[in-house]
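Chemist: Got a structure for you, questions after.
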Amino acid sequence: MENSELDDTIVAIATPPGYGAIAVIRLDGKCAFNTLRKIAPDLKDIVPRQAQLLSLVDRETLLDQALVTCFKGPQSYTGNDLVEIGCHGSPYVVDRLIDLCLTFGARLAHPGEFTKRAFLNGKMNLTQAEAVAEIVFANHQAAHQSSINLLKGVTGQAFQQIREQLINLISILELELDFSDQENEPQKPQKTKQSVKSILNEINTLISTYSYGKIVREGAHVPIVGPPNSGKSSLLNALIMEDRAIVTPFPGTTRDLIEGSYHKEGYLFRLFDTAGLRTTSNPVEKIGIERAYQMVQKADMVLYVLDLSEPIRDGIIESFAYKHPTLIVLNKADIAKSKNIEAYLQLAGNLPKVVISAKRNQGLDELSKFMVQQIKLRAPASQHQVLTLKRHCDALRRAAKHLRAANRQLTLNQPAEIIITELRWALEHIDQILGKTYNEEILHNIFDHFCIGK
Ligand SMILES: Nc1nc2c(ncn2[C@@H]2O[C@H](COP(=O)(O)OP(=O)(O)O)[C@@H](O)[C@H]2O)c(=O)[nH]1
Ligand SMILES: [Mg+2]
5 MENSELDDTI VAIATPPGYG AIAVIRLDGK CAFNTLRKIA PDLKDIVPRQ
55 AQLLSLVDRE TLLDQALVTC FKGPQSYTGN DLVEIGCHGS PYVVDRLIDL
105 CLTFGARLAH PGEFTKRAFL NGKMNLTQAE AVAEIVFANH QAAHQSSINL
155 LKGVTGQAFQ QIREQLINLI SILELELDFS DQENEPQKPQ KTKQSVKSIL
205 NEINTLISTY SYGKIVREGA HVPIVGPPNS GKSSLLNALI MEDRAIVTPF
255 PGTTRDLIEG SYHKEGYLFR LFDTAGLRTT SNPVEKIGIE RAYQMVQKAD
305 MVLYVLDLSE PIRDGIIESF AYKHPTLIVL NKADIAKSKN IEAYLQLAGN
355 LPKVVISAKR NQGLDELSKF MVQQIKLRAP ASQHQVLTLK RHCDALRRAA
405 KHLRAANRQL TLNQPAEIII TELRWALEHI DQILGKTYNE EILHNIFDHF
455 CIGK
């Protein structure tokens with residue numbers, strides 16, 4: 005957005021399109037109140053933050069009666085003069101009202117433009133602006149909680165602390181440079197190194213929370229794999245309590261990845277039913293099996309389903325199970341001989357395992373609890389400071405790269421200017437997280453993912 009665009013008066017519907025009890029239209033900018041006056045001739049005084057019932061007219065004809073709230077800048081969401089019109093949720097009324105605003109000089113708002121204005125007007129920092137979108141999109145408890153932490157600025161505090169430490173260190177080094185000709189005792193390189201290391205540690209600790217944060221935000225990716233006919237599709241259906249995947253007694257039924265999700269203890273699990281693992285000459289099935297292996301590569305946890313009623317054969321648990329977090333799910337307990345169950349339990353060895361019957365819904369609760377426990381094990385000590393956004397993690401990684409470089413330069417006894425340059429780069433990346441410095445590309449990437457009217 006060009007800066008001149010900040011002066012425009014913008015309009016958009018803030019509620020989902022379609023029929024509804026009410027719809028909210030937002031009008032923001034210098035001419036917001038004037039535009040309102042043209043469609044609401046009854047309006048006398050602007051009483052900030054007080055809803056008024058007004059007649060809205062399309063030229064002379066009454067279009068609707070609406071509850072209108074005016075916010076006088078800077079005490080508004082955006083920091084500008086802002087109007088929220090709560091009209092009846094009729095697509096016709098909404099379209100007409102927006103058209104009228106356009107006729108009177110407003111323009112359509114871009115996605116996220118109201119929140120972008122709030123950020124540019126200093127009403128919130130960039131991580132808080134991101135939190136607004138996160139709250140809207142959070143569809144389970146864990147994601148919601150992390151977005152609230154972001155909004156309250158709890159997560160931002162961690163970045164703020166790192167920023168302060170960096171500024172501190174840079175100013176000490178700069179001061180020494182300024183007074184290097186005087187008889188000041190310069191800070192020992194060893195001490196500078198310690199400070200760099202301690203900041204780097206904090207950054208690395210934060211980065212390490214991202215694998216958990218990603219699960220919190222997007223849900224855990226859990227492929228269901230195993231030999232054909234072991235009951236993978238049955239397990240998917242049983243866990244999501246829906247008849248999603250086709251279940252047949254014929255091996256090789258499932259080929260495409262079939263996704264189904266469910267919530268447990270506030271976490272979202274995204275299950276992927278996959279083609280049974282076997283050697284096959286069928287080209288379609290081959291592709292399906294290839295996809296199953298690909299899913300394993302990016303999985304947060306793998307459910308490896310085995311059929312307890314089948315004899316154990318060599319290589320029935322493939323080697324990837326030992327490289328990725330895998331839970332062995334021993335299925336068909338309802339028709340298995342206890343001798344077989346014992347043998348399978350032994351086969352699974354040190355891998356975590358549960359015995360279930362997908363068909364009879366037995367052991368599923370235990371399985372789910374186990375899955376939750378596996379996720380919880382990855383939670384960092386402080387649940388408040390968890391990275392959930394890739395943008396933050398990427399910026400921290402870049403900052404860490406410069407701190408490592410600073411560390412190397414210190415070891416090589418390089419002059420302070422070089423160390424300061426690296427530290428300044430690290431600071432720049434932290435500042436970009438908080439939006440203390442930004443460019444159009446950063447803003448575009450963030451706000452383009454917002455909905456219109458937000
Ligand atoms: N007795 C019994 N049969 C099961 C169980 N789970 C699945 N089956 C049966 O095993 C066959 C294969 O199941 P399916 O879910 O399609 O296996 P997939 O090929 O691994 O997806 C079907 O006939 C299912 O009804 C179970 O827990 N007990
Ligand atoms: Mg199947």
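In the working numbering, the protein residues as written are 5 to 458. Backbone N, C-alpha and C define an ideal beta-carbon position, used for all residues, glycine too. Just so you know, these numbers come straight off a predicted model, no measurement behind them.
#1: Beta-carbon separation of residue 450 and residue 133 under 8 angstroms?
#2: Once the 5 residues before and after residue 53 are set aside, which same chain residues still bring their CB inside 7 angstroms of it?
#3: Three-state secondary structure (DSSP) at residue 224?
#4: Once DSSP output is grouped into helix, strand and coil, what is the label at residue 140?
#5: CB-CB under 6 angstroms to residue 172, same chain, minus the five flanking residues each way: which ones, in chain order?
#6: Consult DSSP for residue 360 and reduce its assignment to one of helix, strand or coil.
#7: Would you check whether ligand 1 has a heavy atom nearer than 7 angstroms to the C-beta of residue 236?
#8: So, residue 383 versus residue 216, is the Cβ gap smaller than 8 angstroms?
#9: When DSSP labels each residue in this structure, what does residue 456 get in the three-state scheme?
#10: Is residue 338 near ligand 1 - that is, is its Cβ less than 7 angstroms away from at least one heavy atom of it?
#11: Name, in chain order, the residues that DSSP records as bridge partners for residue 111.
#12: My assumption, with CB atoms under 8 angstroms, is that residue 404 sits in contact with residue 426. Please give the rounded CB distance.
#13: Between residue 396 and the rest of its own chain, which residues show a CB-CB distance below 6 angstroms, the 5 nearest in sequence each way excluded?
#14: What is the residue span of the alpha helix (DSSP H) that residue 292 lies within?
#15: Could you pull out every residue in the same chain whose Cβ sits closer than 8 angstroms to the Cβ of residue 458, ignoring the five residues on either side in sequence?
#16: If we count the other Cβ atoms within 10 Å of its Cβ and call it buried at 16 or more, is residue 453 buried or exposed?
#17: With 16 as the cutoff for other CB atoms within 10 Å, does residue 15 come out buried or exposed?
#18: Under 7 angstroms: does the beta carbon of residue 249 sit that close to some heavy atom of ligand 2?
Modeler: To lay it out plainly:
#1: yes
#2: 73, 75
#3: strand
#4: helix
#5: none
#6: coil
#7: yes
#8: yes
#9: coil
#10: yes
#11: 14
#12: With 8 angstroms as the limit, residue 404 and residue 426 do not qualify as a contact, their Cβ atoms being about 11 angstroms apart.
#13: 437
#14: 287-301
#15: 18, 115, 116, 118, 119, 136, 137, 140
#16: exposed
#17: buried
#18: yes
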